[in-house]
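Undergrad: The structure is given below, and queries will be raised subsequently.
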Amino acid sequence: MAKEAFNRKRSICGPVEKELRKRLVKCIVWSVALYGAETWTLRRSEEKRIEAFEMWIWRRMECVKWTDRIRNEAVLERVGEERMMLKLIRKRKRNWLDHWLRRNCLLKDALEGMIPHGTGERLFNASTDFYKSDLFHNPDLTRGENIRLKTLH
Numbered sequence: 475m476a477k478e479a480f481n482r483k484r485s486i487c488g489p490v491e492k493e494l495r496k497r498l499v500k501c502i503v504w505s506v507a508l509y510g511a512e513t514w515t516l517r518r519s520e521e522k523r524i525e526a527f528e529m530w531i532w533r534r535m536e537c538v539k540w541t542d543r544i545r546n547e548a549v550l551e552r553v554g555e556e557r558m559m560l561k562l563i564r565k566r567k568r569n570w571l572d573h574w575l576r577r578n579c580l581l582k583d584a585l586e587g588m589i590p591h592g593t594g595e596r597l598f599n600a601s602t603d604f605y606k607s608d609l610f611h612n613p614d615l616t617r618g619e620n621i622r623l624k625t626l627h
């Protein structure tokens, strides 16, 4: 769907100045691509696909073909950007988690692993453990964010 949104907007690849094209990409294409990203559970394969999609966008915007054999770093340098999609997804996930942890509800208990399981032991939930480990082992976190999130673990 995001590729369709990109292909519909031909002005992104046209003679418009680069800063405006970048803003259009982030406004139109990224909003479609990252819809609901705060609830995604990302594995390494999905992260690679997101990075590939991000590079596809920048290459199309700069009219660089894959047969030109230009490295991703050179394309990012041309555009004047760095890889941001995964950082943005992680930021959204942290904000979403903070939002839910401020409430007193069942989802908070599930994320903290506090739902009783018969004999009072912690309920093992692989998906929430994977979700939290994705946040905890994030190199983009500042020290304060890392300490705040580790209190969940």
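First residue of the sequence shown: 475, per my numbering; consecutive thereafter.
All C-beta atoms, glycine included, are put in the ideal place defined by N, C-alpha and C.
Values in this document were obtained by computation on a predicted structure and should not be read as measured data.
For residue 563, which of 493, 520, 497 and 498 has the nearest alpha-carbon?
TA: 520
Undergrad: Specify, as a first and last residue, the run of the alpha helix (DSSP H) that residue 547 falls within.
TA: 546-553
Undergrad: Compute the minimum distance between the beta carbon of residue 493 and the heavy atoms of the ligand HEM, and state whether it is under 6 Å.
TA: Inclusion of the ligand HEM in the displayed structure is not the case, the ligand content being empty and no account of it being possible.
Undergrad: Could you give the DSSP three-state label for residue 501: helix, strand or coil?
TA: helix
Undergrad: Compute the Euclidean distance between the alpha carbons of residue 576 and residue 569, then round it to the nearest angstrom.
TA: 11 Å
Undergrad: If you measure between the beta carbons of residue 553 and residue 530, is that distance less than 7 Å?
TA: no
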